[in-house]
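A short write-up of the structure that comes next.
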Amino acid sequence: MRYVPEKDKKAVMADMKPIYRANNEQQGYERLLEFEEKWGKKYPLSCKSWLDNWVNLSAIFEYDAGIRKIIYTTNPIEGVHRQIRKITKTKGAFSSEQALMKLMYLVIKNISKKWTMPIHNWGLAFSGLYINDEKGKAL
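When we follow this note's numbering, the leftmost residue of the sequence shown carries the number 5, and every step to the right adds one.
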């Protein structure tokens, strides 16, 4: 999404949903081609990135729909980064590295309070992950 200006991000993201919500890899690739047909001329780098990385991106289709939904809706790293950026962007400068580290500690401590929320359908997803791994050693 870094190649897409803010004014089009919502529309582009809405058109990406059918890609990762597809029932299988073939259908996902077809949706990607439809996406490329619509947005490819305006945002060629975004489309090229998806097409070039399709082998890696399509690995999500190895899992059933419930697990895929958890994968594409739960990105804790992005959430933590967003919260840290939200706090630090209001600061012009820090008096010392220690001041920055103290602020980071407090932000992460505050964020970690939210980590107690359960993931929707985690039991089903856990079972699917366990079954998907041939030896049951994935977790």
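Just so you know, even glycine gets a beta-carbon here, dropped at the ideal spot from N, CA and C.
Please classify residue i as buried or exposed, where buried requires at least 16 other C-beta atoms within 10 Å of its C-beta.
i      : result
ARG72  : buried
TRP126 : exposed
TRP119 : exposed
GLY83  : exposed
GLY96  : exposed
PHE39  : buried
LEU36  : buried
ALA129 : buried
ILE23  : buried
SER116 : exposed
ALA18  : exposed
Whose C-alpha, out of the options, is nearest the C-alpha of residue i?
i      : options                      : result
ILE75  : ILE123, SER100, GLU41, SER50 : ILE123
TYR164 : TRP58, GLY70, LYS13          : The first residue shown for the chain is 5 and the last is 143, placing residue 164 beyond what the model contains.
SER50  : MET108, ARG6, LEU133, ILE135 : ARG6
ILE112 : LYS21, SER99, GLN31, THR92   : THR92
Specify, as a first and last residue, the run of the alpha helix (DSSP H) that residue i falls within.
i      : result
LYS113 : 101-116
ARG25  : No alpha helix (DSSP H) holds ARG25; DSSP gives it neither H nor E.
LYS52  : 48-56
Three CB pairs or more closer than 8 Å across the segment 39-46 and the segment 83-92: no
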